[in-house]
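A quick write-up on the structure given underneath.
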Amino acid sequence: MKHPDTLVGILLLGFCAVIFSLTINFPEVPAMLSQNVPPTFFPRLIISVIATLSIVLIFNGLQKTANVTERVQPAVLVTTAIIIVAGMMVSLVGTLLTLSLVAVAIPFAWGERRLRPIGILAVTLPACIYLVFSLALGIRFPAGLLFSWMT
Amino acid sequence: MGLPGLEHALPVFTDPFVIGLIVLGTIAGVIVGALPGLSSSMAIALLLPFSLYLDPVPAIALLAALYCSGTFGGSITAILINAPGAPPAAATAFDGYPMAVKGEAGRALGISAIASASGGIISVIVLLFAAPFLARVAYSFGPPEYFALAVFGLSMLASISGQAPIKNLIGGCFGLLIATIGIDLTTGVERFTFNVPELYEGVDFIPVLIGLFAVAELLSQAQNLGREKHSIKLSAVKLPSIDDLRRVKSSILRSSGIGTLIGVLPAEGGTMAAMIGYNEAKRWSDEPGKFGKGAIAGIAGPEAANNAATGGAMVPTLALGIPGSATAAVILGGLQVQGLRPGPYLFDQQPALLYGIFFAMLLSNILFLGFGLIGAKLFSRISLVPRTLLWPTVFALCFVGAYGLEQSIVDVWIMIIAGLVGFVLKRYGFSPAPIIMGLVLGSLVETSLAQSMIIFDQQWTGFLGQPIALVFFGLAGISVLLAPTRATIRRLLSEKDRKA
Numbered sequence: 002m003k004h005p006d007t008l009v010g011i012l013l014l015g016f017c018a019v020i021f022s023l024t025i026n027f028p029e030v031p032a033m034l035s036q037n038v039p040p041t042f043f044p045r046l047i048i049s050v051i052a053t054l055s056i057v058l059i060f061n062g063l064q065k066t067a068n069v070t071e072r073v074q075p076a077v078l079v080t081t082a083i084i085i086v087a088g089m090m091v092s093l094v095g096t097l098l099t100l101s102l103v104a105v106a107i108p109f110a111w112g113e114r115r116l117r118p119i120g121i122l123a124v125t126l127p128a129c130i131y132l133v134f135s136l137a138l139g140i141r142f143p144a145g146l147l148f149s150w151m152t
Numbered sequence: 122m123g124l125p126g127l128e129h130a131l132p133v134f135t136d137p138f139v140i141g142l143i144v145l146g147t148i149a150g151v152i153v154g155a156l157p158g159l160s161s162s163m164a165i166a167l168l169l170p171f172s173l174y175l176d177p178v179p180a181i182a183l184l185a186a187l188y189c190s191g192t193f194g195g196s197i198t199a200i201l202i203n204a205p206g207a208p209p210a211a212a213t214a215f216d217g218y219p220m221a222v223k224g225e226a227g228r229a230l231g232i233s234a235i236a237s238a239s240g241g242i243i244s245v246i247v248l249l250f251a252a253p254f255l256a257r258v259a260y261s262f263g264p265p266e267y268f269a270l271a272v273f274g275l276s277m278l279a280s281i282s283g284q285a286p287i288k289n290l291i292g293g294c295f296g297l298l299i300a301t302i303g304i305d306l307t308t309g310v311e312r313f314t315f316n317v318p319e320l321y322e323g324v325d326f327i328p329v330l331i332g333l334f335a336v337a338e339l340l341s342q343a344q345n346l347g348r349e350k351h352s353i354k355l356s357a358v359k360l361p362s363i364d365d366l367r368r369v370k371s372s373i374l375r376s377s378g379i380g381t382l383i384g385v386l387p388a389e390g391g392t393m394a395a396m397i398g399y400n401e402a403k404r405w406s407d408e409p410g411k412f413g414k415g416a417i418a419g420i421a422g423p424e425a426a427n428n429a430a431t432g433g434a435m436v437p438t439l440a441l442g443i444p445g446s447a448t449a450a451v452i453l454g455g456l457q458v459q460g461l462r463p464g465p466y467l468f469d470q471q472p473a474l475l476y477g478i479f480f481a482m483l484l485s486n487i488l489f490l491g492f493g494l495i496g497a498k499l500f501s502r503i504s505l506v507p508r509t510l511l512w513p514t515v516f517a518l519c520f521v522g523a524y525g526l527e528q529s530i531v532d533v534w535i536m537i538i539a540g541l542v543g544f545v546l547k548r549y550g551f552s553p554a555p556i557i558m559g560l561v562l563g564s565l566v567e568t569s570l571a572q573s574m575i576i577f578d579q580q581w582t583g584f585l586g587q588p589i590a591l592v593f594f595g596l597a598g599i600s601v602l603l604a605p606t607r608a609t610i611r612r613l614l615s616e617k618d619r620k621a
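See below:
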């Protein structure tokens with residue numbers, strides 16, 4: 002079995018190829034600024050360094066024996082889903098309600114079954130955020146489409 | 122050697138209103154610094170409009186106190202929940218968090234408070250007497266020297282978390298690549314923006330930092346559910362012993378010197394000082410193998426360095442009008458809106474203001490030492506909160522921190538993506554710190570390289586005529602080669618032992 006470093010190195014080389022191809026499509030530099038260092042210069046320099054280091058990583062990986070990588074736990078996938086859904090929900094139901102739902106969903110996904118602390122967190126967390134950040138510091142959080150009529 | 126103009130500043134030192142504001146700024150700084158994503162630069166930017174109602178001396182004293190204590194405050198959450206409250210505390214998490222996990226949160230916080238206060242006080246004293254000289258040294262640096270210095274800083278990544286020097290260097294380059302996102306300042310060309318307007322000005326550092334450290338840690342916590350119990354041991358509330366302080370004494374002194382020197386270089390703030398402080402603490406340690414697993418010198422080194430950098434950063438800000446760090450840039454803006462023009466003549470015309478700033482920084486460092494030591498037991502109690510309730514709260518703070526800076530939902534998505542990428546990278550042995558360091562240095566590296574190439578008429582050989590740059594390049598080469606050389610020697614020695 003190959004060491005994960007070998008696979009990581011190969012994936013990084015692929016990543017470098019994709020990023021390099023993106024630099025080909027950079028817009029043209031206006032003529033009056035063409036005496037400057039081209040905008041592709043620095044990204045390509047970095048890409049070439051990453052590619053070189055990736056090759057070293059591949060060779061190092063080939064010399065190592067593989068170790069067993071632990072499987073990703075279901076809780077990680079559920080938490081990831083909660084975070085992504087929360088990001089999407091902000092523009093619909095607003096920040097405070099989203100964070101309140103996160104305060105219910107993550108503890109529940111992690112096995113917390115005591116409803117009282119979950120309920121207290123779901124209420125106090127958005128309330129504190131509203132008081133400290135919105136009222137005191139003046140940060141304007143998205144109200145969301147459902148509650149936009151309130152603002 | 123006397124302190125010219127000190128007599129004009131004496132009323133400032135005894136003014137109860139100024140002292141009250143410094144106490145307030147210190148407490149606010151520790152709290153803000155402790156909240157992930159809410160850096161002292163953001164807090165100072167938010168305070169700036171209110172400071173206009175004050176006279177220049179108390180206003181700038183308040184901001185300076187907040188700057189010092191905010192840097193220390195960042196270490197609290199770095200130690201307790203592995204989410205640095207401020208970028209300079211990133212290196213503190215390497216050993217601070219493992220200590221908290223082992224039930225030694227109080228000891229870690231105590232070491233952090235003592236090292237931070239020592240670094241801060243030493244740097245203020247040094248600056249009070251040596252500011253003009255240090256400023257002259259920093260001012261003589263041109264783009265080639267800055268480029269070489271940044272390359273040297275990045276090369277140091279090879280020896281941080283020494284088990285994976287190649288991965289650290291790749292991480293650093295990855296950070297540099299992220300820093301190229303946005304409009305290229307010299308040509309006005311869009312790079313990697315994918316027509317997203319929010320990316321035209323580049324990727325903000327804070328959402329990436331929060332994502333890589335806190336969101337990735339949230340997922341790591343989910344991965345380890347049910348495996349380890351977070352029951353706090355009694356030693357969690359035990360403060361550092363005299364023996365602990367004796368062991369970290371040299372680390373604190375060394376890092377204070379490093380931090381002061383790095384802080385004085387324009388744009389080089391506490392983050393780089395802390396990284397180098399950590400690296401040097403490890404390099405000089407008798408037990409480098411313990412680093413990353415809860416070594417007290419791994420906390421003392423970066424904390425002394427990042428707080429020493431706050432004093433250093435104020436030198437070019439005040440003497441030359443060139444900010445020494447991001448937070449110092451905000452303070453510079455504060456001076457300008459007060460109608461003051463920072464520069465060499467400020468030392469002659471506004472001695473009360475300058476000594477007021479030095480006094481505020483000195484007092485703030487003493488105050489947060491007490492606050493940190495007394496509050497260490499209280500802060501340790503955060504570990505007692507069940508993680509099923511703690512981590513949703515952390516996520517909410519991450520959300521607010523990422524969103525609050527620019528008030529943009531795109532920054533929240535950047536934080537989420539950085540968190541997912543950080544979790545995957547962590548599984549394959551990549552550390553988030555090098556990526557952050559690359560991102561911090563990205564703009565400096567590219568700008569100084571572009572300026573150097575213009576100066577040298579696009580000829581790389583131009584660097585050969587720059588002795589200071591060559592010294593930094595030489596040090597960078599040594600730094601990169603040192604890690605594999607040490608690994609090879611270690612492997613040969615173990616093979617020899619096995620054969621014997």
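In order, the protein sequence lines correspond to chains A and B.
In our numbering, each number is its position in the first sequence, counted from 1, plus 1.
In our numbering, each number is its position in the second sequence, counted from 1, plus 121.
Ideal placement from N, C-alpha and C gives every residue a C-beta, glycine not left out.
Note that the coordinates shown come from a computational prediction; the quantities given were computed from them, not determined experimentally.
Opening and closing residue of the alpha helix (DSSP H) in which residue i lies
i	result
B:GLY546	The residue you asked about is not Gly; residue 546 of chain B is Leu in the sequence shown. Taken as a continuous stretch (DSSP letters only), the alpha helix (DSSP H) holding B:LEU546 covers 530 to 548.
B:TYR399	391 to 404
B:THR192	177 to 202
B:GLY150	137 to 155
B:SER371	363 to 385
A:ALA87	75 to 94
B:GLY342	Contrary to the premise, residue 342 of chain B reads as Gln rather than Gly in this sequence. 337 to 344 is the span of the alpha helix (DSSP H), which, as asked, contains B:GLN342.
B:ALA212	211 to 222
Contacts that residue i makes with chain A (C-beta to C-beta distance below 9 Å)
i	result
B:CYS294	ILE47, ILE48, VAL50, ILE51 and LEU54
B:ALA571	ASN37, VAL38, PHE42 and PHE43
Three-way DSSP call (helix, strand, coil) for residue i in this model
i	result
B:GLU311	strand
B:GLY303	strand
B:PHE412	coil
B:THR431	helix
A:PHE43	helix
A:LYS3	coil
B:GLN470	helix
A:GLU113	coil
B:GLY496	helix
B:PRO507	coil
A:ILE140	coil
B:ILE417	coil
With 16 other Cβ atoms within 10 Å as the buried cut-off, status of residue i
i	result
A:THR125	exposed
B:LYS620	exposed
B:GLY158	Because B:GLY158 carries a pLDDT of 48, less than 50, the predicted location of this residue cannot be relied on, and the following value inherits that uncertainty. The residue is buried, with at least 16 neighbouring Cβ atoms inside 10 Å.
B:GLU225	buried
B:ASP364	exposed
B:LYS288	buried
B:PHE250	exposed
A:PHE60	exposed
A:PRO75	exposed
B:TRP581	exposed
B:LYS403	buried
B:MET435	buried
A:ASP6	buried
A:THR66	exposed
B:ASN316	exposed
Listed by chain order, chain B residues near residue i by CB distance under 9 Å
i	result
A:LEU100	PRO513, PHE516, ALA517, PHE520 and VAL521
Interface partners of residue i on chain A, CB under 7 Å
i	result
B:GLY525	PHE134 and ILE140
B:ARG312	PHE27, PRO40 and PRO44
B:GLU567	PHE43
Any non-hydrogen atom of the ligand FMN within 7 Å of residue i CB
i	result
B:GLY217	Questions concerning the ligand FMN fall outside what the structure shown contains, since it holds no ligand whatsoever.
8 Å Cβ cut-off: residues of chain A touching residue i
i	result
B:GLN344	GLU71, VAL73, GLN74, ALA76 and VAL77
B:ASP305	PRO40
B:ILE291	LEU13, ILE51, LEU54, SER55 and LEU58
Chain B residues whose Cβ lies nearer than 8 Å to that of residue i
i	result
A:PHE21	Those within 8 Å of A:PHE21 in chain B number zero; the least Cβ separation is about 11 Å.
A:VAL57	ILE287
A:ALA82	Result: empty, since nearest Cβ-Cβ is about 11 Å, beyond 8 Å.
Interface residues of chain B facing residue i [CB-CB closer than 7 Å]
i	result
A:GLY88	VAL533, TRP534 and ILE537
Short CB-CB distance (under 8 Å) between residue i and chain D
i	result
A:ALA144	Going by chain labels, chain D is absent from the structure shown, which instead holds the protein chains A and B.
Review point. If contact means a Cβ-Cβ distance below 8 Å, which residues of the stretch 529 to 542 of chain B contact chain A?
Key: ILE530, VAL533, TRP534, ILE537, GLY540 and LEU541
Point to revise | Members of the stretch 315 to 340 of chain B that neighbour chain A once the beta carbon cut-off is set at 8 Å | key: VAL336, LEU339 and LEU340
Exercise for review: Scan the stretch 542 to 553 of chain B for residues whose Cβ lies nearer than 8 Å to a Cβ of chain A and list them as they occur along the chain.
Suggested key: Per Cβ criterion, the list reads PHE544, ARG548, TYR549 and GLY550.
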